[in-house]
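Contents: one structure, followed by commentary.
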Amino acid sequence: MRSKRGITVNNCENIITSYPNFVSDMDQLGFRIDEVKHKIITIDGPSASGKGVLSKKLSKHLNFEILDSGLLYRAYAYLFNLNNDHDKQNQTLKK
């Protein structure tokens with residue numbers, strides 16, 4: 001099977017880390033690999049350890065955008081709760 005439109009692979013920075021020849025190998029196979037366009041910095045640590053303050057200062061210094069994954073998880077949980085019938089879930093759990 002072959003795609004009539006071709007295949008594009010985006011955001012392959014993490015692949016290149018463990019497979020340095022990924023782009024050249026895929027190019028030989030006819031895949032189009034977009035150039036690495038973004039640098040990504042992740043900050044991990046325990047609650048209230050200063051991750052937010054550090055990320056804000058670092059993003060300002062480097063002119064980067066911030067993606068707060070904790071905020072994404074909270075938004076997902078909120079939307080999940082809005083769209084689910086909790087009474088039905090509780091009855092299922094009681095069985």
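In my numbering, the protein residues as written are 1 to 95.
Just so it is clear, CB atoms sit at the ideal spot from N, CA and C, and this is done for glycine as well.
Mind checking who residue i pairs with in its DSSP beta bridge?
{"i": "Ile16", "result": "Answer is none; Ile16 lacks a bridge partner."}
{"i": "Arg74", "result": "Partner(s): none; Arg74 has no beta bridge."}
Taking the alpha carbon of residue i as the point to measure from, which residue in the options has its own alpha carbon closest?
{"i": "Leu62", "options": "Ala75, Ala48, Arg74, Ile40", "result": "Ile40"}
{"i": "Ser55", "options": "Leu82, Phe31, Leu67", "result": "Leu67"}
Can you list, in chain order, the residues of its chain with a C-beta nearer than 7 Å to that of residue i? Leave out the 5 residues immediately preceding and following it.
{"i": "Asp44", "result": "none"}
{"i": "Lys51", "result": "Ile43, Gly45"}
In its own chain, which residues sit with a C-beta less than 8 Å from the C-beta of residue i, not counting the 5 before and 5 after it?
{"i": "Glu65", "result": "Ser59"}
Give the secondary structure of residue i by DSSP, where H, G and I count as helix, E and B as strand, and everything else as coil.
{"i": "Leu82", "result": "helix"}
{"i": "Ser69", "result": "helix"}
{"i": "Gly52", "result": "helix"}
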